[in-house]
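**Student:** Supplied in structure tokens, the structure appears directly below.
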Amino acid sequence: MPIQYYIYFCLALFSIGVVGVLTRRNAIIVFMCIELMLNAVNLLLVAFSKMYNGIALQNGASVTAGIDAQIFVFFIMVVAAAEVSIGLAIIVMMYRNTHSIDINFLNRLKN
Numbered sequence: 006m007p008i009q010y011y012i013y014f015c016l017a018l019f020s021i022g023v024v025g026v027l028t029r030r031n032a033i034i035v036f037m038c039i040e041l042m043l044n045a046v047n048l049l050l051v052a053f054s055k056m057y058n059g060i061a062l063q064n065g066a067s068v069t070a071g072i073d074a075q076i077f078v079f080f081i082m083v084v085a086a087a088e089v090s091i092g093l094a095i096i097v098m099m100y101r102n103t104h105s106i107d108i109n110f111l112n113r114l115k116n
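Each step along the sequence shown adds one to the number in the numbering used here, with nothing skipped, and position 88 is 93.
Listed below in structure tokens is the structure:
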């Protein structure tokens with residue numbers, strides 16, 4: 006499959022995430038849109054890694070050429086899982102204190 010398909014798909018996913026972050030006020034939806042943007046970048050990184058691996062194998066390089074980005078994506082996903090757990094804990098605590106998950110309501114927490 007040509008790399009352009011991956012680029013267009015990841016561009017669409019990232020754009021949906023940006024629009025969701027900029028237009029929504031629900032903290033959970035904003036959080037999911039941020040994760041969507043992160044996953045779009047991860048998918049594109051893996052697609053370019055796979056393309057580089059195919060080119061490297063055609064040129065006779067070692068079998069492990071081009072998989073560094075895939076390992077990097079694995080670590081990004083581990084950090085994202087920790088981010089999700091902490092982010093959801095913050096959202097739950099915000100809901101317990103304010104009975105709302107509207108991000109515009111966070112300005113009142115500054116006082």
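Virtual Cβ for every residue (Gly too), placed ideally from N, Cα, C. Keep in mind that this is a model prediction, so the values were computed, not measured.
For L43, which option in N64, G65, I81, I33 has the closest C-alpha, if you only look at C-alpha atoms?
**Tutor:** The option with the nearest alpha carbon to L43 is I81.
**Student:** Report the option in A45, M98, L49, G25 whose CA atom is closest to the CA atom of C38.
**Tutor:** It is G25 whose Cα lies nearest to the Cα of C38.
**Student:** Which residues in the same chain have their Cβ closer than 6 Å to the Cβ of V84, if we skip the five residues on either side of it in sequence?
**Tutor:** Excluding sequence neighbours, V84 sits near nothing in its chain.
**Student:** How should V35 be labelled, buried or exposed, when 16 other C-beta atoms within 10 angstroms of its C-beta is the threshold for buried?
**Tutor:** Flag for V35 reads buried.
**Student:** In chain order, which alpha helix (DSSP H) runs of at least 4 residues are fully inside the stretch 21-67?
**Tutor:** The qualifying runs are 32-63.
**Student:** So, at 8 Å on beta carbons, what are the nonlocal neighbours of N47 in its own chain, with the 5 sequence-adjacent residues on each side left out?
**Tutor:** Same-chain partners within the cutoff: V78, I81, M82.
**Student:** In angstroms with no decimal places, state the Cα-to-Cα distance between I8 and N64.
**Tutor:** In a straight line, the C-alpha of I8 is about 19 Å away from that of N64.
**Student:** Would you mind stating whether N109 and R29 have Cβ atoms separated by less than 7 Å?
**Tutor:** Not a contact, by the Cβ cut-off of 7 Å.
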